[in-house]
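Numbering (the numbering used here), first residue to last: 43 to 461. Backbone N, C-alpha and C fix where the C-beta goes; we use that ideal spot for every residue, glycine too. Predicted, not measured: the structure shown is a model, and the values here were computed from it. As structure tokens, the structure follows; a few thoughts come after it.
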Amino acid sequence: MPISSRITDFYNKSIEERREHIAEILGLSIEDIHILRNSELSEDISNILIENVIGSISLPLGIATNFIVNGKEHLVPMVIEESSVVAAASHGAKIARKKGGFTSEYTGSYVIGQIQILGISDFDIAKKVIKENHSLLLEIANSTNQILLDLGGGAKDIELRQVGGQLGDYLLLHLIVDTKDAMGANAVNTMLEKLQPKIEELTNGKVLLRIVSNYALKRMVKVKAVFDKEELGGEDVVNRILIANDLAQNDKFRAVTHNKGIMNGIIAVLLATGNDTRAVEAGIHAYAARDGRYSALTEYEKNSDGDLVGYLEIPLSIGILGGAINVNPSYKLALKILNIKDVEVFTNIVGAIGLAQNLAALRALVSEGIQKGHMRLHARNIAMTVGAKGDEIKKIANQLLSEENISHDRAKEILKTEK
Ligand code: MEV
């Protein structure tokens with residue numbers, strides 16, 4: 043069913059009203075709503091996920107609105123402890139909406155697994171023998187995962203690299219595996235371990251490391267959006283954003299913070315959907331330094347209408363099944379809210395969130411600054427910590443903001459006069 047991600051005044055609804063609204067437009071079940079209301083992880087599940095469990099810590103789950111990605115509307119679940127991130131993503135997406143939202147391309151779910159081979163006396167001979175046994179090696183790798191094979195995935199190719207280290211020269215075998223809808227680290231690691239004996243037999247070498255590479259250069263997403271100049275606040279804002287991005291492309295100190303803003307959005311969606319945030323972070327930051335110099339991940343230009351066109355290209359190794367996703371119902375529900383059918387759509391949305399987040403941060407930074415938005419939420423937090431409930435929270439926060447005195451003491455005084 044087609045949905046609209048444009049929900050007016052979502053921000054001002056109560057949590058229960060927001061749940062009901064989302065449930066209605068997405069057709070969520072009573073059980074789904076129950077999961078949202080009781081999202082604390084059970085001890086049984088915690089105990090399956092990691093070792094030495096003594097409890098669990100929960101984080102807020104919010105919904106970013108306004109996203110159109112490749113012509114389709116999506117509501118995007120985000121888990122994060124930082125205020126303003128969900129609002130900023132929604133705002134970035136709202137600005138992009140006017141010109142049709144985000145367009146995004148995905149290369150496919152190709153994962154690189156590495157086998158490090160030591161003790162090679164003649165690299166040319168070793169490479170030749172591996173090439174001659176290409177099909178056999180793929181067959182051995184694929185013997186470990188019939189399900190993936192049946193889905194049209196599996197090990198597809200082998201690439202060879204020679205790397206010189208301080209302690210010797212290594213032959214590296216890269217196994218290229220199409221992991222389809224899964225992130226696929228486990229599947230690939232199993233294949234690599236299975237290949238070890240045959241590789242050693244063929245090369246007369248000794249295998250040391252057999253592990254997936256998180257530098258996911260064969261699993262890229264490329265996002266673009268046109269941000270209307272009027273929605274941004276005029277041509278002057280467009281020009282200032284171009285200058286801000288130029289700084290991030292040329293100064294490491296700024297580039298790290300600029301990219302951190304992109305990761306705010308990406309990591310929040312990955313946390314909501316049970317994906318491996320560390321793998322993605324490591325890969326994206328390496329990509330930001332691919333030319334030997336750490337730089338901004340985004341590019342912007344002005345088009346002939348004076349609008350701002352933004353681009354983000356990053357490696358994104360993420361999945362919608364397997365791993366922790368299978369055991370935690372909250373992750374499955376987050377994927378249901380995303381209203382996606384496969385990992386391609388999911389990856390395109392995550393890329394779009396990164397670009398929306400960056401645009402919103404840059405727009406605020408070159409205009410009113412980011413503290414204004416932060417302060418609004420900060421004032422609400424303070425109102426809550428002094429004991430305000432329900433409608434009191436907004437009322438006290440508004441007063442703190444209008445008096446420009448966002449302090450616990452003032453909040454306590456206002457609350458007293460309210461009672
Ligand atoms: C804060 O979490 C993120 C920003 O610092 C990003 C940026 O500076 O571009 C606002």
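Sub-8 angstroms separation of residue i and residue j beta-carbons
i, j, result
"residue 394", "residue 316", "no"
"residue 221", "residue 186", "no"
"residue 362", "residue 379", "no"
"residue 336", "residue 356", "no"
"residue 127", "residue 306", "yes"
"residue 280", "residue 350", "yes"
"residue 297", "residue 290", "yes"
"residue 218", "residue 198", "yes"
"residue 153", "residue 258", "yes"
"residue 434", "residue 425", "yes"
"residue 148", "residue 389", "yes"
"residue 452", "residue 445", "yes"
"residue 45", "residue 115", "yes"
"residue 396", "residue 308", "yes"
"residue 338", "residue 144", "no"
"residue 108", "residue 136", "yes"
Buried versus exposed call for residue i [16 or more other C-beta atoms within 10 Å across all chains shown]
i, result
"residue 271", "buried"
"residue 377", "buried"
"residue 239", "exposed"
"residue 86", "exposed"
"residue 458", "exposed"
"residue 294", "exposed"
"residue 57", "exposed"
"residue 76", "exposed"
"residue 386", "buried"
"residue 179", "buried"
"residue 260", "buried"
"residue 276", "exposed"
"residue 256", "buried"
"residue 373", "buried"
"residue 79", "exposed"
"residue 176", "exposed"
"residue 119", "buried"
"residue 450", "exposed"
"residue 245", "buried"
"residue 299", "exposed"
"residue 6", "Since the first residue shown for the chain is 43 and the last is 461, residue 6 is missing from the structure and cannot be characterised."
In DSSP terms, what residue i is bridged to
i, result
"residue 158", "214"
"residue 239", "In DSSP, residue 239 forms no bridge with anything."
"residue 116", "109"
"residue 295", "None, per the DSSP bridge assignment."
"residue 103", "121"
"residue 269", "350"
"residue 153", "219"
"residue 363", "224"
Segment limits, beta strand (DSSP E) that includes residue i
i, result
"residue 197", "196–207"
"residue 261", "First-last for residue 261: undefined, no H or E at that position."
"residue 250", "248–254"
"residue 357", "350–357"
"residue 147", "144–148"
Span of the alpha helix (DSSP H) around residue i
i, result
"residue 325", "319–330"
"residue 344", "Unbroken run through residue 344 is the beta strand (DSSP E), 340–344; no alpha helix (DSSP H)."
"residue 428", "Here residue 428 belongs to no alpha helix (DSSP H), and DSSP marks it neither H nor E."
"residue 51", "Residue 51 -> no alpha helix (DSSP H), and no H or E assigned at all."
"residue 369", "First-last for residue 369: undefined, no H or E at that position."
"residue 436", "433–444"
"residue 128", "127–139"
"residue 389", "385–408"
"residue 171", "165–174"
"residue 191", "188–192"
"residue 458", "450–460"
"residue 88", "85–91"
"residue 70", "It is not in any alpha helix (DSSP H) - residue 70 carries neither H nor E in the DSSP assignment."
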